[in-house]
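Enquirer:
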Amino acid sequence: MKVERTLEVDVRVERAQGRDFVLQAKFVAPPGVTILYGPSGSGKSTTLGAICGLITPTAGRIALGDEIWFDRERRIRKPVEERGIAFVFQSLALFPHMTAAGNVEYGLPRKMPRAERDKRAREMLARMKVAHLADRRPATFSGGEAQRVALARAFAPEPRLVLLDEPFSAMDRELRRDFIADVRAYVDEARVPLLHVTHHRNEARALADRVVLIEGGRITASGGVDELLPASRDMLDDSLRIHTRE
Amino acid sequence: MSDWQPLVLSFQVAFFATILATTLGVLIGLWLTSPRAIGRDLIDAIASAPMVMPPTVLGYYVLVALGRNSAVGRAWEAIFGSSIVFTRTGAVVAATLGSLPLVIKSARAALEGVDPTLLKAARTLGAGPVRAFVTVHLPLAARGLVAGVMLAFARSLGDFGVTLMVAGDIPGETQTAALAIYDLIQSHQERAAGGMVAVLTSITIVALYLVNKLTAVRRES
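Protein chains in written order, with this note's numbering: chain V, 275 to 520; chain B, 110 to 330.
#1: Taking the beta strand (DSSP E) that Ser496 of chain V belongs to, which residues open and close that run?
#2: Look up Ala424 of chain V in the DSSP assignment and give the residues it is bridged to.
#3: If you count every other CB in all the chains shown that lies within 10 Å of the CB of Gly547 of chain V, and 16 or more means buried, which is it?
#4: Taking only the alpha-carbon atoms, compute the straight-line gap between Leu133 of chain B and Gly182 of chain B and give it to the nearest angstrom.
#5: Who are the near neighbours of Met274 of chain B in its chain, counting only those whose CB is closer than 8 Å to its CB and skipping five residues on each side?
#6: May I ask you to report which of helix, strand or coil DSSP gives Ile137 of chain B?
#7: Please tell me whether Gly138 of chain B and Arg217 of chain B are closer than 8 Å, where the distance is taken between their beta carbons.
#8: Can you give me, in chain order, the residues of the segment 155 to 189 of chain B that have a beta carbon less than 7 Å from any beta carbon in chain V?
#9: From His470 of chain V to Thr320 of chain V, what does the alpha carbon distance come to, in whole angstroms?
#10: My understanding is that Leu225 of chain V touches Val362 of chain V, with C-beta atoms under 8 Å, so please give their C-beta distance in whole angstroms.
#11: Please give the ranges of any alpha helix (DSSP H) in the segment 215 to 291 of chain B, keeping only runs that are unbroken, at least 4 residues long and fully inside the region.
#12: In the segment 221 to 238 of chain B, which residues sit with their C-beta less than 8 Å from some C-beta in chain V, listed in chain order?
#13: What did DSSP end up calling Leu281 of chain V once you bin it into helix, strand or coil?
#14: Can you find a CB in chain V that lies within less than 8 Å of the CB of Leu249 of chain B?
#15: With distances taken between CB atoms, is the gap from Gly358 of chain V to Pro433 of chain V smaller than 8 Å?
#16: So, do the segment 411 to 428 of chain V and the segment 440 to 455 of chain V have three or more beta carbon pairs nearer to each other than 8 Å?
#17: Here's the rule: buried if 16 or more other CB atoms are within 10 angstroms of the residue's CB, otherwise exposed. What is Ala241 of chain B?
#18: Please confirm if Val245 of chain B has its CB atom under 8 Å from at least one CB of chain V.
#19: So which residues of chain B does Phe344 of chain V contact, with C-beta pairs closer than 9 Å?
#20: Just curious, the alpha helix (DSSP H) that Trp113 of chain B is in, first and last residue?
#21: Roughly how far, in whole angstroms, is the beta-carbon of Ala302 of chain B from the beta-carbon of Leu293 of chain B, given that I think they are within contact range, below 8 Å?
#22: For Tyr318 of chain B, does the count of other Cβ atoms within 10 angstroms reach 16, so buried, or fall short, so exposed?
#23: Quick one: which chain B residues come within Cβ less than 9 Å of Gly317 of chain V?
#24: Any contact between the segment 232 to 247 of chain B and the segment 375 to 389 of chain V? By contact I mean 3 or more CB pairs, one from each, below 8 Å.
#25: From the DSSP output, which residues share a beta bridge with Pro467 of chain V?
#26: Out of curiosity, what's the CA-to-CA distance linking Leu502 of chain V and Arg411 of chain V?
#27: Considering only the beta carbon of each residue, do Thr142 of chain B and Leu220 of chain B sit closer than 8 Å?
#28: Using a Cβ-Cβ cut-off of 8 Å (strictly less than) and excluding sequence neighbours within five positions of Arg149 of chain B, which residues of its own chain qualify?
#29: Please identify, using Cβ separations under 8 Å, the residues of the segment 461 to 477 of chain V that lie next to chain B, in order along the chain.
#30: Quick check for students: name the residue ranges of the alpha helix (DSSP H) that lie wholly in the segment 138 to 215 of chain B, counting only runs of 4 or more.
#31: Would you report the Cα separation of Met398 of chain V and Ala495 of chain V, rounded to the nearest angstrom?
#32: According to DSSP, is Arg388 of chain V part of a helix, a strand, or is it coil?
#33: Mind checking Ile376 of chain B: buried by the 16 CB within 10 Å criterion, or exposed?
#34: Strictly below 7 Å CB to CB, what residues from chain B border Ile359 of chain V?
#35: Less than 8 Å between the CB atoms is what I'm expecting for Ala276 of chain B and Phe195 of chain B, so what's the real figure, rounded?
#36: Residues bridged to Phe344 of chain V by DSSP?
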């Protein structure tokens with residue numbers, strides 16, 4: 275039986291995003307999909323950076339279950355590469371000099387035999403319906419294919435936490451629906467927390483188990499999706515409304 | 110008939126100087142890409158100085174820092190039994206210093222040209238800083254780095270001023286091709302210098318041509 279772990283975040287990041295921006299974020303993300311929802315510049319990506327360890331918070335604590343990843347007071351800082359995170363970036367960040375299989379293999383444990391790594395990578399690509407791309411490089415992929423390979427790479431190492439930084443932003447509606455289904459299926463099976471940054475209301479509604487609203491570097495609310503992002507009326511400001519015309 | 114020994118020595122010196130300059134240059138270039146590096150603009154200026162500084166000034170500094178009366182020079186002599194200056198080792202040091210800025214500039218530009226998100230992706234996929242550098246950063250910067258190495262080799266091959274100051278012009282010991290050509294011209298043996306002049310010119314043009322090709326492909330890709 276899988277151990278279910280909840281992500282607990284309580285951090286302060288000063289001078290974030292290279293300017294006098296202060297992020298103060300406190301929330302939890304249990305297994306399932308938590309949407310971090312807010313306008314551009316609200317601190318969503320900074321929050322993800324702090325969670326995965328690419329940004330060092332000024333103060334606070336980050337833990338996954340009983341494993342502490344960051345605790346300023348106790349001087350604990352687990353390196354990025356040891357946190358077991360899958361991070362899908364907005365640009366997808368596929369390695370251009372590696373094939374699709376090479377990209378997926380990259381995140382698999384080094385102690386795993388080479389042949390097994392290759393087998394696992396191809397299986398994951400097949401699961402994401404892009405097995406035919408295994409020996410091709412990212413420059414030849416369509417946008418949708420690149421996104422499927424990026425998800426295969428993220429899920430292959432069986433991460434303990436998945437972070438998605440608006441990877442669906444450049445997709446058309448149909449493609450986005452397919453991906454949401456793929457992401458949903460993975461999270462339901464793996465029972466890990468998935469934190470997804472977006473400002474697409476319909477995307478958030480389709481994926482979310484929980485919603486955390488962030489604005490101006492502060493968490494303004496957290497709770498159920500129907501409560502915070504109702505389907506009928508837009509409760510948020512105009513800067514978000516533009517993204518809901520779907 | 111030309112005596113090719115100075116040219117052979119130049120190739121030997123350039124070979125070792127290129128290895129040293131590449132190792133140091135890539136490390137310094139990598140350090141300079143870090144926004145958190147303290148005093149990086151000052152270090153960049155100091156590292157670039159040999160490109161514009163008179164060779165005699167640079168040679169003076171090397172003599173002061175590595176000469177027989179310096180701490181480094183005495184330590185070197187105690188360990189290896191010979192001095193750095195006025196030896197082939199001095200010629201390698203001189204050529205290394207002359208070519209180092211070219212590697213640093215090329216390495217910094219090439220490494221900074223790599224999308225930082227790719228390096229972050231490598232880290233989140235379980236790679237430590239060294240593995241991320243070797244498997245992602247270095248291969249993606251390879252064209253620019255190779256261009257820098259080629260420039261460094263061509264520059265090392267033809268160093269004159271710093272080599273003369275630091276290694277002297279000792280026939281059969283520290284007389285490189287550039288120094289031999291100077292001596293032959295001074296003694297009105299232009300024809301004897303012709304062979305080495307042709308070889309050095311050809312290598313320089315081929316190196317620059319290849320550098321242009323490498324960086325052009327990089328721009329297109």
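From the three backbone atoms N, C-alpha and C, an ideal C-beta is built for every residue, glycine too. The model shown is predicted, which means the values in this text are computed figures rather than measured ones.
Expert: Straight from the coordinates:
#1: For this step, residue 496 of chain V is matched to residue 222 along the first sequence. 492 to 497 is the span of the beta strand (DSSP E), which, as asked, contains Ser496 of chain V.
#2: Against the first sequence, residue 424 of chain V aligns to sequence position 150. Looking at the DSSP assignment, Ala424 of chain V forms no beta bridge with any residue, so it has no partner.
#3: The requested residue 547 of chain V is not part of the displayed model; chain V covers only 275 to 520.
#4: Within the second sequence, the letter at position 24 stands for residue 133 of chain B. Within the second sequence, the letter at position 73 stands for residue 182 of chain B. Between Leu133 of chain B and Gly182 of chain B, the C-alpha separation is close to 20 Å.
#5: Start at 1 with the first residue of the second sequence, and residue 274 of chain B comes out as number 165. Only Pro164, Thr165, Leu167, Gly168, Tyr169, Val171, Leu172, Ala203 meet the Cβ criterion.
#6: Taking the second sequence and counting its residues from 1, one reaches residue 137 of chain B at position 28. In the three-state DSSP reduction, Ile137 of chain B falls in the helix class (H, G or I).
#7: Taking the second sequence and counting its residues from 1, the one referred to as residue 138 of chain B is at position 29. Taking the second sequence and counting its residues from 1, the one referred to as residue 217 of chain B is at position 108. Cβ atoms of Gly138 of chain B and Arg217 of chain B: closer than 8 Å.
#8: none
#9: For this step, residue 470 of chain V is matched to residue 196 along the first sequence. For this step, residue 320 of chain V is matched to residue 46 along the first sequence. Each residue's alpha carbon lies about 13 Å from the other.
#10: This structure cannot settle anything about residue 225 of chain V, because the visible part of chain V is limited to 275 through 520.
#11: 225 to 233, 238 to 241, 251 to 266, 270 to 276
#12: Asp224, Thr226, Leu227, Lys229, Ala230, Ala231, Arg232, Thr233, Leu234, Gly235, Ala236, Gly237
#13: Taking the first sequence and counting its residues from 1, the one referred to as residue 281 of chain V is at position 7. Three-state result, Leu281 of chain V: strand.
#14: Translated into positions along the second sequence, residue 249 of chain B becomes position 140. So yes, Leu249 of chain B belongs to the interface.
#15: On the first sequence, position 84 is the one that residue 358 of chain V refers to. On the first sequence, position 159 is the one that residue 433 of chain V refers to. Yes, they are a contact pair.
#16: yes
#17: Here residue 241 of chain B refers to the residue found at position 132 of the second sequence. Per the 10 Å Cβ criterion, buried.
#18: Residue mapping note: residue 245 of chain B aligns to position 136 of the second sequence, counting from 1. Yes, Val245 of chain B counts as interfacial toward chain V.
#19: On the first sequence, position 70 is the one that residue 344 of chain V refers to. Those within 9 Å of Phe344 of chain V in chain B number zero; the least Cβ separation is about 15 Å.
#20: Taking the second sequence and counting its residues from 1, one reaches residue 113 of chain B at position 4. Careful: Trp113 of chain B lies outside any alpha helix (DSSP H) and carries neither H nor E.
#21: The residue given as residue 302 of chain B occupies position 193 in the second sequence. The residue given as residue 293 of chain B occupies position 184 in the second sequence. Sure, about 4 Å apart at Cβ, within 8 Å.
#22: Counted from its first residue, the second sequence places residue 318 of chain B at position 209. By the 10 Å Cβ count, Tyr318 of chain B comes out exposed.
#23: Working through the first sequence from its first residue, we reach residue 317 of chain V at position 43. Residues of chain B with a Cβ closer than 9 Å to the Cβ of Gly317 of chain V do not exist; the shortest Cβ-Cβ separation is about 18 Å.
#24: As far as the Cβ criterion goes, the segment 232 to 247 of chain B touches the segment 375 to 389 of chain V, which means the pair count is three or higher.
#25: Working through the first sequence from its first residue, we reach residue 467 of chain V at position 193. Per DSSP, V:Gly306.
#26: Residue mapping note: residue 502 of chain V aligns to position 228 of the first sequence, counting from 1. Residue mapping note: residue 411 of chain V aligns to position 137 of the first sequence, counting from 1. Between Leu502 of chain V and Arg411 of chain V, the C-alpha separation is close to 41 Å.
#27: Position 33 of the second sequence, counting from 1, holds the residue named residue 142 of chain B. Position 111 of the second sequence, counting from 1, holds the residue named residue 220 of chain B. Less than 8 Å divides the Cβ of Thr142 of chain B from the Cβ of Leu220 of chain B.
#28: In the second sequence, counting from the first residue as 1, residue 149 of chain B sits at position 40. Here Arg149 of chain B has Trp140, Leu141, Ser143 as same chain residues with Cβ atoms under 8 Å from its own Cβ, once five neighbours each way along the sequence are excluded.
#29: none
#30: 149 to 157, 164 to 175, 180 to 189
#31: What you label residue 398 of chain V is simply residue 124 of the first sequence in a count that begins at 1. What you label residue 495 of chain V is simply residue 221 of the first sequence in a count that begins at 1. The straight-line gap from Cα to Cα measures roughly 36 Å.
#32: What you label residue 388 of chain V is simply residue 114 of the first sequence in a count that begins at 1. Three-state DSSP puts Arg388 of chain V in a helix.
#33: A question about residue 376 of chain B goes unanswered here, because the residues of chain B that appear run from 110 up to 330.
#34: By one-based count along the first sequence, residue 359 of chain V stands at place 85. What Ile359 of chain V touches in chain B: Thr233.
#35: On the second sequence, position 167 is the one that residue 276 of chain B refers to. On the second sequence, position 86 is the one that residue 195 of chain B refers to. The Cβ separation is near 6 Å, so the contact holds.
#36: Within the first sequence, the letter at position 70 stands for residue 344 of chain V. Answer by DSSP bridge pairing, in chain order: V:Ile336, V:Arg351.
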